[in-house]
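Here the structure comes first, spelled out in structure tokens, and everything after it is commentary.
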Amino acid sequence: MNSSQLEGRRWSALQHPLWWGALALLLVNDHLLKGAGLLPSFLTGKLSDFAGLLVAPVLLVVLLGARSRRAMAWCFALVAVGFGVLQWPSVASSVGGLTARLGVPWYVTPDPTDLVALSALFGAWWLVRLEATSVVRSWAPAVRGAAVVVGACACVATSALPAPHSPVPGQPELMNADAYLHNATGAAVGVHVRMLGEHADVSCQDILEEPRRTLRRDLFTHEGVWTQMLDENAAMWPIQARNEAALQRGCYAVMLELEDSEAFFVAWSAELEVVPVPRVSSSAELGAGALIVERDGEEVVVCGKAPLIVFREGD
6 MNSSQLEGRR WSALQHPLWW GALALLLVND HLLKGAGLLP SFLTGKLSDF AGLLVAPVLL
66 VVLLGARSRR AMAWCFALVA VGFGVLQWPS VASSVGGLTA RLGVPWYVTP DPTDLVALSA
126 LFGAWWLVRL EATSVVRSWA PAVRGAAVVV GACACVATSA LPAPHSPVPG QPELMNADAY
186 LHNATGAAVG VHVRMLGEHA DVSCQDILEE PRRTLRRDLF THEGVWTQML DENAAMWPIQ
246 ARNEAALQRG CYAVMLELED SEAFFVAWSA ELEVVPVPRV SSSAELGAGA LIVERDGEEV
306 VVCGKAPLIV FREGD
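For what it's worth, our numbering labels the leading residue of the sequence shown as 6, then goes sequentially.
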């Protein structure tokens with residue numbers, strides 16, 4: 006097969022209804038369905054994975070001008086490896102921290118079950134290997150141009166990032182958590198959490214007995230950023246994102262910044278039990294380890310249930 010035929014195959018993939026259908030699903034799911042409560046969050050997450058893994062490799066093949074089968078395969082491998090390594094908690098945590106510092110926050114919740122979405126690559130490969138279609142020449146360039154622009158925007162744009170959860174297997178309405186945040190503000194709220202850094206030279210005794218003297222902003226790294234819906238619960242430090250230093254320290258501490266609010270420090274002992282918690286609930290249903298966020302007029306206030314230690318930065 007000559008290079009012109011391969012070139013035709015590349016562009017034909019962007020004109021196929023399957024590719025456009027996946028792109029439409031990606032846009033609708035990320036910007037309308039996620040966080041709307043119409044579908045379970047685990048389902049909207051999987052829809053994005055499948056749609057994205059059909060859209061992204063085809064788009065990468067076109068943008069990089071891959072013409073040979075080997076070059077196309079490398080494009081697919083790049084997408085597959087990138088998606089796969091994000092299921093490692095340490096990688097996901099590092100990526101989340103880096104993107105937050107760059108001003109484009111992107112929180113990744115590692116979930117090995119997401120790897121099933123890699124099967125979408127077979128559909129994408131089928132698309133780039135299709136014979137060139139006989140699309141009417143007058144509007145083919147417009148279709149291709151629109152595909153590149155819209156597809157690129159869909160792959161890099163950030164929607165309202167969902168709150169992180171450590172799912173309970175077989176019970177998608179529950180999450181595993183010890184200390185968690187509950188949104189009772191009356192509306193969705195932006196959340197920015199920084200976790201105690203791996204190399205923070207502080208002891209649990211100091212953190213739990215003298216938190217105001219011990220905890221300060223420069224000790225915190227590994228950012229998590231998300232939009233939390235009304236009545237939604239979210240783990241302040243997701244179990245799958247905890248580093249080895251945190252697990253060995255015997256206690257946890259986070260720096261919590263909420264939309265239109267000053268920063269708060271929250272600390273708790275590792276003895277606080279990890280239990281199944283509803284992803285959505287009323288304030289009355291909350292137990293130990295819950296940090297309730299409310300509004301008092303224009304001011305955001307937090308109320309922590311024992312045994313959480315909570316105080317405002319500067320207090």
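Every residue gets a Cβ at the ideal spot worked out from N, C-alpha and C, and that includes glycine.
Note that the coordinates shown come from a computational prediction; the quantities given were computed from them, not determined experimentally.
I believe residue i touches residue j by the beta-carbon criterion, under 8 angstroms. Please report the beta-carbon distance rounded to the nearest angstrom.
i	j	result
V133	V230	Incorrect: roughly 34 angstroms between the Cβ atoms, too far for contact.
V305	V315	Actually they do not touch by this definition, with Cβ atoms about 13 angstroms apart.
L201	S17	Not confirmed; about 52 angstroms, so no contact.
Taking the alpha-carbon of residue i as reference, which of the options has the nearest alpha-carbon?
i	options	result
V307	A268, E276, L277	A268
S53	L68, A78, A27	A27
G302	V259, T190, A272	T190
D119	A129, G128, A85	A85
P169	F225, L201, Q245	Q245
R221	P117, R317, A61	R317
K310	L31, Y185, V196	Y185
D320	R217, L296, L291, A293	R217
D236	Y257, L68, L291, L30	L291
N238	D35, L296, A61	L296
S266	S124, A293, V196, E215	V196
D116	K51, A129, L68	K51
Could you tell me the distance, in whole angstroms, from the CA atom of residue i to the CA atom of residue j?
i	j	result
T232	S73	42 angstroms
F1	H187	Since the first residue of the chain shown is 6 and the last is 320, residue 1 is not available in this structure.
H96	S208	Before going further, note that residue 96 is Val rather than His in the sequence given. Between V96 and S208, the C-alpha separation is close to 26 angstroms.
M234	V194	7 angstroms
Q253	W131	48 angstroms
A76	L83	11 angstroms
P22	G70	21 angstroms
P243	V259	11 angstroms
T163	P312	Annotation note: pLDDT 49 at T163 (below 50); position unreliable, coordinate value reported separately. Approximately 35 angstroms, taken between the alpha carbons.
V198	G255	20 angstroms
G89	L213	37 angstroms
A137	V66	Low confidence applies here, because A137 scores a pLDDT of 46, under 50, leaving its location unreliable; read the following figure in that light. A137 and V66: Cα-Cα distance of roughly 15 angstroms.
T226	G175	32 angstroms
L19	W79	19 angstroms
F270	W25	46 angstroms
D211	F55	46 angstroms
S274	A240	15 angstroms
R300	L263	11 angstroms
Q92	L58	15 angstroms
L38	T49	7 angstroms
L277	Y257	10 angstroms
L68	S124	22 angstroms
A61	A293	43 angstroms
E5	L261	Outside the shown range of the chain (6 to 320) lies residue 5, about which nothing can therefore be said.
A129	A272	46 angstroms
I121	D35	Inspection of the sequence shows that residue 121 is occupied by Val rather than by Ile. If you take the alpha carbons of V121 and D35, they lie about 19 angstroms apart.
Decide if residue i is buried, meaning its Cβ has at least 16 other Cβ atoms within 10 Å, or exposed.
i	result
A205	buried
A192	exposed
E203	exposed
F127	exposed
P172	buried
V33	exposed
D223	exposed
L30	buried
Q) Can we say the stretch 275–284 touches the stretch 174–189, given the rule of at least three CB pairs closer than 8 angstroms? A) yes
task = Count the CB pairs spanning the stretch 284–291 and the stretch 249–257 that are closer than 8 angstroms, and state whether there are at least three.
result = no
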